[in-house]
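Following: one structure in structure tokens, then a few remarks.
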Amino acid sequence: MSKVLKYLAIAAGLLASLTLVASPAAARPTPRAVSQTAPGCEGDACSGLDPIEAGCSGDAYTVTSLETELGGGIIEVRWSPSCETNWARWTKYPTGLCMNCSPMAIRAVQDGGYSQSLELTTAKLSNGDSAWTPMIYSPVKAVKAEAKMWCGGPGIVGSAFDCAMGGWESTKSV
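One gets the working numbering by counting positions in the sequence shown from 1 and adding 28 to each.
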């Protein structure tokens, strides 16, 4: 009887190894699907489009940023290598003297003067929320991001600073 059990064990082992060889995918975990959309625009056709809707935000990263002087958030220049575009992004958070400030507008400005902007006068951003401009196709020219803060912000200090700065705070051009 032990010979029969021995042969059954060998047969079961062979069957199991044949199953693994026949279906190698079953032996490996399935990689998690990454939802990255291919860009829906190319070259200057990307200018003026929303980076998320156009599929250009998947590989984007921040190239420079500035926390606004009185606080309230950060303005960034974003870059998408696949679309060769830049845009400005504002993210609101509660810091600084002006803890609940939001800009009136943000814009991405190319060193040649071309810009894309977004008015935020009616937007109600919560802490952690972001808003962004349409894209600028800019494979060669430098771009900076700007936030136009409310002139006459809360308190005398906020009002004086915002008005003295003309309301705009800028990152460096990159």
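We treat Cβ as the ideally placed atom computed from N, Cα and C, and that holds for glycine.
Rounded to whole angstroms, what's the CA-CA distance from residue i to residue j? Just pull it up for me.
i, j, result
"K200", "S130", "20 Å"
"C74", "R117", "17 Å"
"E174", "I134", "6 Å"
"A132", "E70", "The sequence shown places Met at residue 132, rather than the Ala named in the question. Near 30 Å, if we compare the C-alpha coordinates of E70 and M132."
"D87", "V168", "18 Å"
"G68", "T92", "25 Å"
"D157", "M177", "17 Å"
"G140", "E112", "16 Å"
"L153", "D72", "30 Å"
"S198", "I80", "23 Å"
"T149", "I103", "16 Å"
"A159", "G100", "14 Å"
"A44", "T90", "Because A44 carries a pLDDT of 44, less than 50, the predicted location of this residue cannot be relied on, and no value is offered for it."
Closest to residue i by CA distance: which of the options is it?
i, options, result
"Q138", "T161, G68 and D87", "T161"
"P122", "W115, T113 and N155", "N155"
"A66", "G141, S110, R106 and D157", "S110"
"M163", "G76, W107 and K176", "G76"
"S108", "I102, T96, S85 and G101", "S85"
"D78", "I102, L94, W115 and I103", "W115"
"K172", "G100, T90 and V105", "V105"
Around the Cβ of residue i, are there at least 16 other Cβ atoms within 10 angstroms (buried) or fewer (exposed)?
i, result
"A82", "buried"
"K120", "buried"
"E147", "exposed"
"T96", "buried"
"Y165", "buried"
"V62", "Only weak support is given to the placement of V62: the predicted model assigns it a pLDDT of 33, under 50, and the value that follows is read from those uncertain coordinates. Flag for V62 reads exposed."
For residue i, report the span of its beta strand (DSSP E) as first-last.
i, result
"V137", "A133 to Q138"
"Y89", "Y89 to E95"
"N114", "T113 to K120"
"G146", "Residue identity check: residue 146 is Leu in the sequence provided, not Gly. Counting along the chain, the beta strand (DSSP E) containing L146 begins and ends at S143 to E147."
"G101", "G101 to S108"
"S158", "S158 to W160"
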